[in-house]
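**Q**
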Amino acid sequence: MKNIIKKSITTIIIMALALTLAMPVTAQAAKKKTPKISKTKVTMTITKKKTKPAVQLKVKNVSAKNVKWTTSNKKVATVSKNGKVVAKKKGNAVITVKVKGSKTLRCKVTVKDNRKPVTKKPNPAPKPDGECEHNWVQKEKVVGTKLECSCGLLFDNEEKWYEHCDALMENGLENCGVSILEITKTYYECSKCHKTK
Ligand SMILES: [Zn+2]
Ligand SMILES: [Zn+2]
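Here the sequence shown is numbered in our numbering, starting from -18 and rising by one per residue.
Structure, rendered in structure tokens:
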């Protein structure tokens, strides 16, 4: 009789111990479940020495076999099946990672190219109006960007395109392509004194 009581007390203690030990573990497991991309934004610069800069992206809290990487613009940046992003040329691309049974994650990639020397404009001292016989040359400047989806729709910003793309991907589309359109404005610059109008 004594023995049985002792035994059950020990069992209760062991069970209580097991519970306290198990609780933080379950809390951690719950926290682990949200897949997270290692970077949501990345800038790579192509230089003379480094013509193909690369970056390794990872999705935390998910097995590598359950993710699928795609790029919106192969000409700008490619992505391997393991998430290695390689810059190809100047521009923008969005790397999309489809996580099995979970949400789609993205990383915005900006590729810069500093191989071309920046041509410096001659900057003569501005002369007072009237002294220069202006020679107006039509020029263009970039005033903004828009995103053009591969389906032809235009979007003001990435968030709006993401929403549209998410909806398409929920309906089974593998990947959404996008190109960045530059909105330009025409202006005139004098080729002699560089005054603009
Ligand atoms: Zn002028
Ligand atoms: Zn579209």
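Virtual Cβ for every residue (Gly too), placed ideally from N, Cα, C.
Sorted by chain position, which residues of the same chain lie with C-beta nearer than 7 Å to residue 86's C-beta, five sequence neighbours on each side aside?
**A** Result list for residue 86: 16, 18, 40, 78, 80, in chain order.
**Q** Taking Cβ to Cβ, would you say residue 27 is nearer than 9 Å to residue 70?
**A** In this structure, residue 70 lies closer than 9 Å to residue 27 by Cβ.
**Q** Helix, strand or coil, according to DSSP, for residue 47 in the structure here?
**A** Three-state result, residue 47: helix.
**Q** So who's on the other strand from residue 74, going by DSSP bridges?
**A** 90.
**Q** Do you know offhand how far residue 83's Cα is from residue 120's?
**A** One C-alpha to the other measures close to 48 Å.
**Q** In whole angstroms, give me the CA-to-CA distance for residue 156 and residue 126.
**A** Going by the C-alpha atoms only, they are around 22 Å apart.
**Q** Looking at residue 35: is its Cβ nearer than 9 Å to the Cβ of residue 65?
**A** In contact: residue 35 and residue 65 (Cβ atoms closer than 9 Å).
**Q** For the alpha helix (DSSP H) holding residue 144, just list the boundary residues, first then last.
**A** Element bounds for residue 144: 139 to 151.
**Q** Between which two residues does the beta strand (DSSP E) holding residue 124 run?
**A** Per DSSP, residue 124 belongs to the beta strand (DSSP E) from 117 to 130.
**Q** Between the Cα of residue 22 and those of 14, 177, 37, 30, spot the shortest distance and give me the residue it belongs to.
**A** Closest by alpha carbon: 37.
**Q** With a threshold of 16 other CB atoms inside 10 Å of the CB of residue 11, please say whether the residue is buried or exposed.
**A** Caution applies to residue 11, whose pLDDT of 48 falls short of 50 and renders its modelled position unreliable; the model cannot decide the point.
**Q** Going by DSSP in three states, residue 174 sits in which element: helix, strand or coil?
**A** In this structure, residue 174 counts as coil in the three-state DSSP scheme.
**Q** Residue 254 lies in the beta strand (DSSP E); which residues open and close that run?
**A** With the chain covering only -18 through 178, there is no way to say anything about residue 254.
**Q** Measuring straight from C-alpha to C-alpha, what distance separates residue 55 and residue 91?
**A** Distance between the alpha carbons of residue 55 and residue 91 is about 13 Å.
**Q** Going by the C-beta, is residue 149 closer than 8 Å to any heavy atom of ligand 3?
**A** Ligand 3 is absent from the structure shown, which contains only ligand 1 and ligand 2.
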